[in-house]
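In what follows, a structure is listed as structure tokens, so that the remarks can point back to it.
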Amino acid sequence: MPATNYKRYSLEVRVCALRVAKEAKDWKAVAELHKINERTAWGWIKTAMDTGDWIGEHKQRGGSSKKLVDAHVDYLLGELATTPELTLVQMAELVEQRFGVSANRETVRRALDGRSFTLKKLHRDVVNRNSPINKQKR
1 MPATNYKRYS LEVRVCALRV AKEAKDWKAV AELHKINERT AWGWIKTAMD TGDWIGEHKQ
61 RGGSSKKLVD AHVDYLLGEL ATTPELTLVQ MAELVEQRFG VSANRETVRR ALDGRSFTLK
121 KLHRDVVNRN SPINKQKR
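Using UniProt numbering, you'd call the opening residue of the sequence shown number 1 and step up by one each time.
So this is what it looks like as structure tokens:
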């Protein structure tokens, strides 16, 4: 990781500063005690006042969130247990019908791959492959 000039504060320190500010006490003294920059503490407090979230946990910033969460993948694995010949396109349609989440087949494949579940091509004529007629042809 690249070096940064920013200091990271623990969740406990952040919660302490927010709790004191919520109780309308001297949050500047708490910031000074924990060696928090006053401007940083004020940013936390301002965000908490705007959102109403005084817990102080970090929200995801940037990047992309997963389209298919664990509940979706669990549902798909259950459907695959009952109907093993489902294709990726059919699974994407099932997720859209059940949860209202539109996903393409590649998204479904990656979500299943994240659970170490791989899919192989389905050969529908397996019964006829080793029939006596086909064996004679060889």
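Cβ coordinates follow ideal geometry from the N, Cα and C atoms, glycine included.
The region 102 to 134 contains, as complete alpha helix (DSSP H) runs of 4+ residues, the segments 105 to 113, 126 to 129 (chain order). Counting along the chain, alanine 71 sits inside the alpha helix (DSSP H) bounded by residues 70 to 82. Counting C-beta atoms within 10 angstroms of its own C-beta, leucine 77 has fewer than 16 neighbours from the protein chains shown and is therefore classed as exposed. Around the beta carbon of arginine 14, 16 or more other beta carbons lie within 10 angstroms, which makes this residue buried. The Cβ neighbour count for leucine 112, taken over all protein chains shown within 10 Å, is at least 16; the residue is labelled buried. One Cα belongs to aspartate 70, the other to arginine 8, and the distance between them is close to 30 Å.
Secondary structure of glycine 62 (DSSP, three-state): coil.
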